[in-house]
Each structure stands twice: as structure tokens, then as C-alpha cells.
Amino acid sequence: MEARLAAAESRNRLNNRVAVAVALISAFMAVTKIKDDNIVQAMLQAKSDAVDTWNEYQAKKLKLHLSELGLNQARALRLAVPPQGAAALAEQENGYAATIARYQAESETIMKKAKGFEKQYDDLNFRDDQFDLSDALLSISLAILAVTALTANLWLFRFSLVFAGFGGVMGMAGLMGLSLHPDWLTKLLS
Numbered sequence: 075m076e077a078r079l080a081a082a083e084s085r086n087r088l089n090n091r092v093a094v095a096v097a098l099i100s101a102f103m104a105v106t107k108i109k110d111d112n113i114v115q116a117m118l119q120a121k122s123d124a125v126d127t128w129n130e131y132q133a134k135k136l137k138l139h140l141s142e143l144g145l146n147q148a149r150a151l152r153l154a155v156p157p158q159g160a161a162a163l164a165e166q167e168n169g170y171a172a173t174i175a176r177y178q179a180e181s182e183t184i185m186k187k188a189k190g191f192e193k194q195y196d197d198l199n200f201r202d203d204q205f206d207l208s209d210a211l212l213s214i215s216l217a218i219l220a221v222t223a224l225t226a227n228l229w230l231f232r233f234s235l236v237f238a239g240f241g242g243v244m245g246m247a248g249l250m251g252l253s254l255h256p257d258w259l260t261k262l263l264s
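Going by our numbering, the sequence shown opens with residue 75, and the numbers climb by one from there.
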């Protein structure tokens, strides 16, 4: 009889530990999920800004190319027109040259801006990976805890804590902006 009471008490203690672990893990997952969602929104904005900026860059390069064509045509026409028309073409050439210089400078600035948005996206993706790994590891831990509650195996509880610990570390790395990132694992899962 005492053995049954001791076994029931032991099982009850283990179930209490499981319940506390589930509550703590779930609360931590809720906090990291909010941060992860905000990062995903920022990633979408950065990607949108990068695409828009690259489109602007392409438009400037197209305008640059058209101005270069115009300049070349004006130079070719100047050779074929009388001297009084050559002055007008020279003025047009100067306008094209100024436009070309402006588009070249603007293109460089826009390209740097677009690359900045791409870097911002990559940096955010790095942190998103941390939260994704945290979520996956903590979910595995919760699944093991569910089996632990059914089977009352202490070793399963301890095994779940390994996953919870690594998931917690990855979540904290994401929250604190640390550079912890198991590349081999993220490449395997992506």
C-alpha cells in the first residue's frame, strides 16, 4: 500500500513539474512569437523597399542609356548639319552630358540604398532563423512533456529539458540580438 502511495506521489510530483515546465515554455514561446512576428513584418518591409529601390535603379539606368543614345545622335547629327544648326546641337549635347552625369550619380546612390535594404533583410532573416529554431525546439520539448505526463518517465522529462534549454538559448539569442546561429541546422531545415 505504501509503495502505491509513494508511486502515486512520485507521479504527482512529476506531473506538477511537467505542468510548470509547459506553462513556462508556453509563456516564453508567446513572447518570442510576438518578437518574431515583428521581425517578419520588418523583413517584408525591407524586401519591399529593396525591390522598389532596385526598380528605381533600373529606371535611372534606362534613362541614362537613353540620354547616352541622345548624346551620340546629337554628336552624329552635328557633323551632318550646317554650322548654324551645330550650335543648337552643341547645346543639346551639353544638356545630355549634364543629364548623364546626374543619372550616373543618382544610380550609384540608389544602388547603395538598395544594397542597404538587402543587408537589412539578411540581418533580420538571421534573427528570424533564431526564433524559428527556438519555436521548433520548444515545440519538440512540449511534445515530449506530453508523453512524459502520460508515461511518468523521469528520463523523458529530463530529455525534454534539453530541447527546452536549447530552444530557450536560441530564443534569448533572438531577443538579445546575439550572433548565435547554427548555420548547418538552418541550412538543413530551409
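Even glycine gets a Cβ: it sits at the ideal position worked out from N, Cα and C.
Asked                                                                                                                                                             : Found
Return the CA-CA distance between Pro-157 and Glu-130, expressed in angstroms with no decimal places.                                                             : 39 Å
Should the region 204 to 212 be called in touch with the region 133 to 144, which here means at least 3 C-beta pairs below 8 Å?                                   : no
Alpha carbon to alpha carbon, what distance is there between Ala-247 and Asp-197?                                                                                 : 13 Å
Which runs of the alpha helix (DSSP H) at least 4 residues long sit entirely within the region 159 to 187? Give them in chain order.                              : none
Can you tell which of Ala-101, Trp-128, Gln-147, Asp-111 has the C-alpha that lies nearest to the C-alpha of Ser-181?                                             : Trp-128
Can you find the residues in the same chain that come closer than 8 Å, C-beta to C-beta, to Leu-79, ignoring five residues on each side of it along the sequence? : none
Do Leu-230 and Val-221 have their C-beta atoms closer together than 8 Å?                                                                                          : yes
Using a Cβ-Cβ cutoff of less than 7 Å, which residues in the same chain neighbour Leu-216 once the five nearest sequence positions on both sides are dropped?     : Val-96, Ile-99
Given a cut-off of 8 Å, decide if Leu-254 and Lys-109 are closer than it, judged by their beta-carbon atoms.                                                      : no
Return the chain-ordered ranges of every alpha helix (DSSP H) run that is complete within the region 203 to 243 and spans a minimum of 4 residues.                : none
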